[in-house]
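J.:
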Amino acid sequence: MTVRVRIAPSPTGNLHIGTARTAVFNWLYARRHGGRMLVRIEDTDRERSQPRYTRNILEGLSWLGLDWEEGPFYQTDRLDRYAEVIRELLDRGLAYRSYTSAAELDAMRAAQKAAGKAPRYDNCDRHLTPEQIAAYEAEGRQPVIRFKIEEPLTVSWNDRIRGDISWNSQDLGGDMVIAKADGQPLYNLAVVVDDIDMGITHVIRGEDHIGNTPKQILLYRALDREPPVFAHSPLILNPEGRKLSKRDGATSVAEFRQMGYLPEALKNYLALLSWSSPDGEEVFALEDAAEVFDFDRVTKSAARFDWDKLNWLNSQYLRQLSPAEQVERLTPFWAAAGLAIADVPEPQWLEEMAALISEGLTLLTEAAPLSRYLLQQELLYATDAIAQLRLPDVAPAIARVAEATAAIDPTTPALGDALKTMVGAVAKERGVKKGLVMKSLRAALTGSLRGPDLMASFNLLHRRGWAIERLQAVETLQ
Ligand code: GLU
Numbered sequence: 042m043t044v045r046v047r048i049a050p051s052p053t054g055n056l057h058i059g060t061a062r063t064a065v066f067n068w069l070y071a072r073r074h075g076g077r078m079l080v081r082i083e084d085t086d087r088e089r090s091q092p093r094y095t096r097n098i099l100e101g102l103s104w105l106g107l108d109w110e111e112g113p114f115y116q117t118d119r120l121d122r123y124a125e126v127i128r129e130l131l132d133r134g135l136a137y138r139s140y141t142s143a144a145e146l147d148a149m150r151a152a153q154k155a156a157g158k159a160p161r162y163d164n165c166d167r168h169l170t171p172e173q174i175a176a177y178e179a180e181g182r183q184p185v186i187r188f189k190i191e192e193p194l195t196v197s198w199n200d201r202i203r204g205d206i207s208w209n210s211q212d213l214g215g216d217m218v219i220a221k222a223d224g225q226p227l228y229n230l231a232v233v234v235d236d237i238d239m240g241i242t243h244v245i246r247g248e249d250h251i252g253n254t255p256k257q258i259l260l261y262r263a264l265d266r267e268p269p270v271f272a273h274s275p276l277i278l279n280p281e282g283r284k285l286s287k288r289d290g291a292t293s294v295a296e297f298r299q300m301g302y303l304p305e306a307l308k309n310y311l312a313l314l315s316w317s318s319p320d321g322e323e324v325f326a327l328e329d330a331a332e333v334f335d336f337d338r339v340t341k342s343a344a345r346f347d348w349d350k351l352n353w354l355n356s357q358y359l360r361q362l363s364p365a366e367q368v369e370r371l372t373p374f375w376a377a378a379g380l381a382i383a384d385v386p387e388p389q390w391l392e393e394m395a396a397l398i399s400e401g402l403t404l405l406t407e408a409a410p411l412s413r414y415l416l417q418q419e420l421l422y423a424t425d426a427i428a429q430l431r432l433p434d435v436a437p438a439i440a441r442v443a444e445a446t447a448a449i450d451p452t453t454p455a456l457g458d459a460l461k462t463m464v465g466a467v468a469k470e471r472g473v474k475k476g477l478v479m480k481s482l483r484a485a486l487t488g489s490l491r492g493p494d495l496m497a498s499f500n501l502l503h504r505r506g507w508a509i510e511r512l513q514a515v516e517t518l519q
């Protein structure tokens, strides 16, 4: 049997981090078993579905590198097929038209509540006579379609993550609506028809769908089909143990992307939320995790989002990138900050610069402020940097460094060594402490007292032709 899994987001919002984690588990399971993953856009809810969310979802999955073999399929392309199944269920007496209005349902639930009972539909339209139906029709009522849920009945399945689960059919809220009055099929019906037609063998999804599973199993039975294997993964909670919400900083994959996370770090982190590798490894490519992934190492308890861990992973991945990859990843963030990279001296320069500023980076967004002094000709000075440049002995020493720098050809092969030797010599010659010269040099070249490696910055700035003018500018700051 070929494993066939699916990721089935509803385009009613941007790609949520929980859906992305579900996609990671599906992807891992399909890879592990040489199976196939398909994407299905569950867009039957016409009021809430929007094309821009579909785009965001597909883009997010692609950005994460969670590639799929089939689809995307759209449920709105399959409405005829759902209508056909609904007709079949009606013809076989397994479903019926129900005329109870929304207001009547509210009243029914209120009465049940008042009597201390759980609210449910009381199946009152199951056995309507032709006269009653005619009367409702004459009133202009539009019926919904309900699927009969036999009671009492125990519906059980062996969930691959949560173990044996049993559900009493009396707790399913009564006969369930499978199509609205306007014919729009509802989630449980469409999902079962699709999973059957698409040959899905394993339904891997969030545990918020556990309550739907017994209803779906009953539909499989009604349609004379074996249900697939179900695996419900635990929810992702915020660090305080509550549902992850907007207030937690980010909930959609697009937001994590904007914040400067790398896709490989984010998906590694998502895999680690509720799953652990048998060898305890925490930094891994999903391809490697796929070789050992199984549900037995997925925890049952909810996962808490751990920003420190995600940040740590991101910095690990940032450091592992080659300089050319660092440039590629940083380019959109420089552009967003208005920093031009088109006129840098040579590609090699840009790569060295990216490697230099990536050293201490946690997020890609931190790169722009860190690299401004290397990409923007006009230098902005911090107040403490100006104060440093006004200390006694500093201006003449820096003026001397400017002169000596002008004598060093920026294309010299060992430029870094030449600059270093020169700075040491100037300090000695002027009888100024080397530490003072270095600190002042940093202030003069970068406008700040802190930042990436000073001599590497000096080297890059000299090759850009900006070092001398910055050193000379110290005089004008006095
Ligand atoms: N469309 C459902 C959702 O976005 C998922 C359905 C499923 O996986 O069965 O939550």
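For our numbering, add 41 to where a residue sits in the sequence shown, where the first one is 1. All residues carry an ideal CB built from backbone N, CA and C; glycine is no exception.
Buried or exposed for D84, going by 16 or more other Cβ atoms inside 10 Å?
T.: With 16 or more other Cβ atoms within 10 Å, it is buried.
J.: DSSP on Y70, reduced to helix/strand/coil?
T.: helix
J.: Pick from L460, D349, A396, A61: whose alpha carbon is nearest that of P280?
T.: Of the listed residues, the one whose Cα sits closest to P280 is D349.
J.: Measuring only the C-alpha atoms, how far is R288 from D329?
T.: Their backbone Cα atoms lie some 34 Å apart in a straight line.
J.: Measure the alpha-carbon distance for E88 versus Y115 and round it to whole angstroms.
T.: Within the model, the alpha-carbon separation for E88 versus Y115 is close to 16 Å.
J.: Just checking, does the region 190 to 209 make contact with the region 249 to 269 on the three C-beta pairs under 8 Å criterion?
T.: For the pair of segments examined, the region 190 to 209 was found to touch the region 249 to 269: the number of CB pairs separated by less than 8 Å reaches three.
J.: How about A485 and R505: are their beta carbons less than 7 Å apart?
T.: no
J.: On the criterion of 16 or more Cβ atoms from any shown chain inside 10 Å, does S286 qualify as buried, or is it exposed?
T.: Exposed: under 16 other Cβ atoms inside 10 Å.
J.: Output the distance between the C-alpha atoms of E248 and A49, rounded to the nearest integer angstrom.
T.: For E248 and A49, the distance between alpha carbons rounds to 14 Å.
J.: Within 10 angstroms of the Cβ of R209, are there 16 or more other Cβ atoms? Answer buried if so, exposed if not.
T.: A small fix is needed here, since residue 209 is Asn in this sequence, not Arg. Looking at its Cβ environment, which holds fewer than 16 other Cβ atoms inside 10 Å, N209 is exposed.
J.: Taking the Cβ atom as the reference point for each residue, do M99 and A64 lie within a distance shorter than 7 Å?
T.: Strictly speaking, residue 99 in this sequence is Leu, with Met absent from that position. Contact: no.
J.: With M300 and A291 assumed to form a contact (beta carbons below 8 Å), what rounded beta-carbon distance in angstroms separates them?
T.: 6 Å
J.: Take L194 and list the residues in its own chain whose beta-carbon comes closer than 6 Å to its own, dropping the five residues that flank it on each side.
T.: Within the same chain, L194 has close Cβ partners S210.
J.: Would P184 pass as a contact of R138 if the rule is Cβ separation under 7 Å?
T.: yes
J.: Please indicate yes or no: does the CB of A49 lie closer than 6 Å to some heavy atom of the ligand GLU?
T.: yes
J.: Between the alpha carbons of V294 and E178, how many angstroms are there, rounded?
T.: Going by the C-alpha atoms only, they are around 48 Å apart.
J.: In whole angstroms, give me the CA-to-CA distance for E111 and L131.
T.: 32 Å
J.: Would you say the beta carbon of V234 is closer than 6 Å to some non-hydrogen atom of the ligand GLU?
T.: no
J.: Return the chain-ordered list of same chain residues with a C-beta closer than 7 Å to the C-beta of P451, the five sequence neighbours on each side being excluded.
T.: H503, R504
J.: Report the rounded CA-to-CA distance for D494 versus L397, giving the unit in angstroms.
T.: Roughly 7 Å separates the two Cα atoms.
J.: Could you tell me if the beta carbon of E83 falls within a distance shorter than 6 Å of some heavy atom in the ligand GLU?
T.: Yes, Cβ of E83 sits closer than 6 Å to a heavy atom of the ligand GLU.
J.: If we call anything under 7 Å between Cβ atoms a contact, is I186 one with A136?
T.: Result yes, Cβ atoms of I186 and A136 sit closer than 7 Å.
J.: Count the other CB atoms, across all protein chains shown, that sit within 10 Å of the CB of A24; report buried if there are 16 or more and exposed otherwise.
T.: What is shown of the chain runs 42 to 519, which leaves residue 24 out entirely.
J.: Taking only three categories from DSSP, how would you classify V44?
T.: Three-state result, V44: coil.
J.: At 4 residues or longer, and completely inside the region 374 to 418: list those alpha helix (DSSP H) runs for me, N to C.
T.: 388 to 399, 408 to 416
J.: Would you check if there are 3 or more beta carbon pairs closer than 8 Å linking the region 434 to 451 to the region 467 to 477?
T.: yes
J.: Tell me the rounded alpha-carbon separation between M217 and I174.
T.: Spanning the alpha carbons of M217 and I174 requires a straight line of approximately 19 Å.
J.: Using 6 Å as the cut-off, classify the Cβ of R246 as near or not near the heavy atoms of the ligand GLU, replying yes or no.
T.: yes
J.: With DSSP run on the structure shown, which of helix, strand or coil describes L421?
T.: Looking at L421 - three-state DSSP - the assignment turns out to be coil, as it is neither helix nor strand.
J.: Buried or exposed: which applies to H273, given that a residue is buried once 16 or more other Cβ atoms fall within 10 Å of its Cβ?
T.: buried
J.: On a CA-only basis, which of A222, D320, M394 is nearest R14? Give me that one, please.
T.: Outside the modelled stretch of the chain, which goes from 42 to 519, sits residue 14, for which no answer is possible.
J.: Which residue comes first and which comes last in the beta strand (DSSP E) that contains I245?
T.: 243 to 247
J.: With which residues is L79 paired in a DSSP beta bridge?
T.: R47, E111
J.: Between which two residues does the beta strand (DSSP E) carrying T41 extend?
T.: The question about residue 41 has no answer, for the chain in this structure spans 42 to 519.
J.: In the DSSP assignment, find the alpha helix (DSSP H) that holds N309 and state where it starts and stops.
T.: For N309, the enclosing alpha helix (DSSP H) stretches over residues 304 to 313.
J.: In this structure, does DSSP put V324 in helix, strand or coil?
T.: coil
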